[in-house]
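In my numbering, the protein residues as written are 595 to 1779.
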């Protein structure tokens, strides 16, 4: 065995330098002599061998006719002198015959080793020809001294020339003597190689003239500066020879004892092969090439398997036997900052034969129980897994250093920290977990002297709690207290500062950490502990530099990937896990039809045992261990992953929603829309909804302060946080009580009054906050907010003059009674004063005042002032430009109401040319119908408008597909409003003489070609004229009632109601029955409209007792089926669930007015506790008639 050799320790030392284990060395270089070529080269004639020095001496002596063969250099000198240099060169070429030889397998073995340099005194080209077969290492060939300047390591350097390449082949005594002068570049280069590297001499004998010359040169020129030189081969050294070699700094690796059985040539070949093989075997295992020992037995009898689970004492012995291996694995862990995913699962499942449990752990001695628990805890911590409850109890028993055990105090505290970390995953209101966290925190705090990082770890845990509960005041304090004793703590502190948008303080910390780790890696290139932290620091710094425009976005270096330290690879792995989970979730939503008819498989019933951990643990572990924020200014590190992760249904709300909020950068962020939809908020635990509301308000107050008093950077970044938190609060308010909603409304008013908050980015969220707060306050209570609402600044008051700006304009529809209030009087006067002549900005002030005008809230003087403001500068038939639809002028105070009525009617119903096809005009025509005194065209105007509107069609010709895509929505809107104008304003004004078959057919043609559903109500007017048109109209309405398009169904139901109103009888009982049938079937398309229409029919007394009975049975079932927890938030049902429940309640109340029903009573009472205000307040907004 080669490992039994006396020189094996020297071989190991050389291998250590070769494989880069010696920090003080550049590596190992090799010098190849003729003996290697003789052993390793191959030719077609198996009997031939390349010549060695003795062979060359014989050839030279023969030609010189001499018997002196002991000095080859002297013979070469004589040969050159006698025959000439060219003759000597020709003799070398002939003797070696380079082209006849091919590199054998040992050449490849040699060059596949990571030599820093390859030197050779051989004249052949075998090394050069081998290079092509070793693609993994790029060798440069140096045949001439001038090549040294243009090549890089590793090089194959031909010190004595190359056949057919070099003009001079070094051989003679004189050439050796003058070599340092003539070939100074080679000598200097070789000197540098000898100084920087361990040197291996291969293919030389102790008497080799090349060896003796170079060894003597090293002795004379480098003295003690040379690294160790190793002479390798079947040397068969005597003691005296070995002593001599040692005296000139040469260490022999003599392999003679291994190959004595072989003949001479074979002996050297075999020795060289053994040497090269052993160098390859001594390649050290990379630090990253670590996997935990597989502890699961591969073969086990049934009896033994049962015994493992049933005999707890036996299981304890098995665990005890595994303990040394578990400890060794832990101590050998390379120190990755984030455990690689492919190793993570192996660690998670390592202790599984048997699985530890309370029963088998009881049979362990207290000492070993503590040790095995620490090994379990360490694996849970490294893999970011959550301990089971029973394990938490066991950990709690041994985590206090006040109770000594076989663990060190630091190990006890580490277990305590794991328990503390795990409490983050309990319910926000879990009192037991809260007490556990307090207890562990006190233990860590009081024993911090036993663990240098204890204080920071505790603070960091508190920071994560504060971060996830949006407690930014506490987070700011913790950031101040956190110390930066190491690079990783600088990064973690920077991540906390980034959560606070304090990038000015955070950026330098990451840069410092990166520089420290870079220097540490240069000093210890084999440390995975350092390298993995460097990788993550590099990853973060790259993103930060891009976010601050200090660098360009370049591909991340691949140097970290092999060592399993690559952030990109880890994040891609998490992305893959999230995508897989989402795919499985989607598959479970749908059945899989089988080939057999009527058969299917329901994936939702599939039970999965074991498997990978939830992706949230991976992502959170990444945030916690690395200190990586979701984003850094505008650069996302993992926002996309968080956006997808929060879509997983098995993630609870207390972890989903904080992550979604942190991932959002604006009110319309994907994470907000996917986690805080109306249905999802309705399903929130009541206390958690209140918790969110409270913490969002605190966050808004914190960021409002930063927006007002912070640095320029803080003011800028606070905007995005405010956009998100205001939007979240607005959405959560649907769960608020009226008192809470009023407080939120007051907050919104306060924000709107602050100049710092009047930024256009905040307007959508602020609009939502005002609107949703009012929606959660019954209209009957909103009058309490009137002064605050009116005091909210109008756009013109804060410099917003563009009517397209979305500055909020809160309006109280029911102002209540006018009491004496000087502040209110003054504010109304201010708003009136803001009305100016002919400007669209007027609409904001007028919209505030309209409900006050309508409800007779204003004084006659105030009304007169408004009239003067609007009409004072206008005379004759001109209209002021209020920014509102024209018909609204009929609701506003006027100096001459009759004149106003005449002018408005002319402007609406006396339009010539194409100006009629204007949506504002059409909307005003519809709006005018619903004024207190409905305003419609006269008969002549009606027939003219009918003939002009009925011929409108969307343009079809002359437009590209691109143009059509942009105009389709606009044309659909025009068709809609033409349909409404026809059915609600024009057709009702037609005389019976114009309700003809011809016009009826025109209406049908318009309907078919524009699919404008609002015209359906118009059919009712024609249908009441004669039986023939009635039959056709009923068929059209019936067909649309069964349609899949919600608008068609809604307007078909409204057409039925209109028909009934026109006749004031059950003139169309078949369609009423159809309505009842559709409701009973539970078909959800426009179900809320069907319920509303049926309620109106009921109030009019047009339903039969049988139909009422059907509704009494159906409505509770519909109400219950629309329960929010059974509805997919992303489905079509989610859009209408709450308004269906609202319609059910209103219909139920209407039925209860005519008959009793315990089930209907139940749903009306239940509705008052509904999570959503439209259902909660349905009993208030219900009108009995």
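Backbone N, C-alpha and C fix where the C-beta goes; we use that ideal spot for every residue, glycine too.
Note that the coordinates shown come from a computational prediction; the quantities given were computed from them, not determined experimentally.
Check	Outcome
Report the option in 1126, 1117 and 1131 whose CA atom is closest to the CA atom of residue 1107.	1131
Using the C-alpha atoms, what's the distance from residue 1606 back to residue 1537?	20 Å
For residue 1748, does the three-state DSSP call read helix, strand or coil?	coil
Going along the chain, which residues of its own chain have a beta-carbon closer than 7 Å to the beta-carbon of residue 722, five neighbours each way excluded?	735 and 750
Here's the rule: buried if 16 or more other CB atoms are within 10 angstroms of the residue's CB, otherwise exposed. What is residue 1500?	exposed
Using the Cβ count rule (16 or more neighbours within 10 Å means buried), how would you classify residue 1786?	Within the shown structure, residues of the chain are numbered from 595 to 1779, placing residue 1786 beyond reach of any answer.
In this structure, does DSSP put residue 1760 in helix, strand or coil?	helix
Mind checking residue 1273: buried by the 16 CB within 10 Å criterion, or exposed?	buried
Run through DSSP, which three-state label would residue 1130 get?	helix
Span of the alpha helix (DSSP H) holding residue 1224?	No alpha helix (DSSP H) contains residue 1224, which DSSP labels as neither H nor E.
Might you give, ordered along the chain, the residues of its own chain that have their beta carbon closer than 7 Å to the beta carbon of residue 620, omitting 5 neighbours on each side?	710, 790 and 791
Relative to the C-alpha of residue 1745, which candidate in 1710, 675 and 707 has its C-alpha closest?	1710
Look at the Cβ atom of residue 1476, then the Cβ atom of residue 1484, and state whether they are nearer than 8 Å.	no
Pull the bridge partners of residue 824 from the DSSP assignment, please.	794 and 845
Going straight from the alpha carbon of residue 592 to that of residue 994, what length do you get?	In the structure as shown, the chain starts at 595 and stops at 1779, and residue 592 therefore has no counterpart that could be examined.
Excluding five sequence neighbours on each side, which residues of the same chain lie with their C-beta closer than 7 Å to the C-beta of residue 1105?	1135
Have a look at the DSSP bridge pairing and note the partners of residue 712.	624 and 750
On the three-state DSSP scale, how would you describe residue 767?	helix
Between residue 980 and residue 960, what straight-line distance do the alpha-carbon atoms span, to the nearest angstrom?	24 Å
Using CA coordinates, which residue listed in 933, 923, 953 and 884 is at the minimum distance from residue 908?	953
At what residues does the beta strand (DSSP E) containing residue 1121 begin and finish?	Taken as a continuous stretch (DSSP letters only), residue 1121 belongs to no beta strand (DSSP E), as it is neither H nor E.
With distance defined between alpha-carbon atoms, name the residue in 1412, 1388 and 1409 nearest to residue 1401.	1388
Evaluate the contact criterion for the stretch 899 to 906 versus the stretch 629 to 640: three or more CB pairs, one atom per stretch, below 8 Å.	no
How about residue 1240 and residue 1224: do their beta carbons lie closer than 8 Å?	no
What would DSSP say about residue 1632, mapped onto helix, strand or coil?	helix
Let me check understanding here. Comparing Cα to Cα, which of 1448, 1424, 1079 and 1063 lies closest to residue 1463?	1424
Residue 626 and residue 716 - do their beta-carbons sit closer together than 8 Å?	yes
Count the other C-beta atoms from every protein chain shown that fall within 10 angstroms of the C-beta of residue 772, then say buried if there are 16 or more, exposed otherwise.	exposed
Can you give me the C-alpha to C-alpha distance between residue 1230 and residue 1355, rounded to a whole angstrom?	20 Å
Reducing DSSP to helix, strand and coil, say where residue 1779 ends up.	In this prediction, residue 1779 has a pLDDT of 38, which is less than 50 and means its spatial position is unreliable; what the coordinates show is noted afterwards. Note: residue 1779 maps to coil in three-state DSSP.
Can you look up residue 577 in the DSSP assignment and give me helix, strand or coil?	In this structure the chain extends from 595 to 1779, so residue 577 is not present and cannot be described.
Can you say whether residue 853 is buried or exposed, counting buried as having 16 or more other CB atoms within 10 angstroms of its CB?	buried
Which residues in the same chain as residue 609 place their Cβ atom closer than 6 Å to its Cβ, once the five residues preceding and following it in sequence are excluded?	873 and 876
I'd like to confirm the pairing. Which residues does DSSP put opposite residue 735 in its beta bridges?	750
Which word fits residue 984, buried or exposed, when buried means at least 16 other C-beta atoms lie within 10 angstroms of its C-beta?	exposed
What is the DSSP secondary structure of residue 915, reduced to helix, strand or coil?	helix
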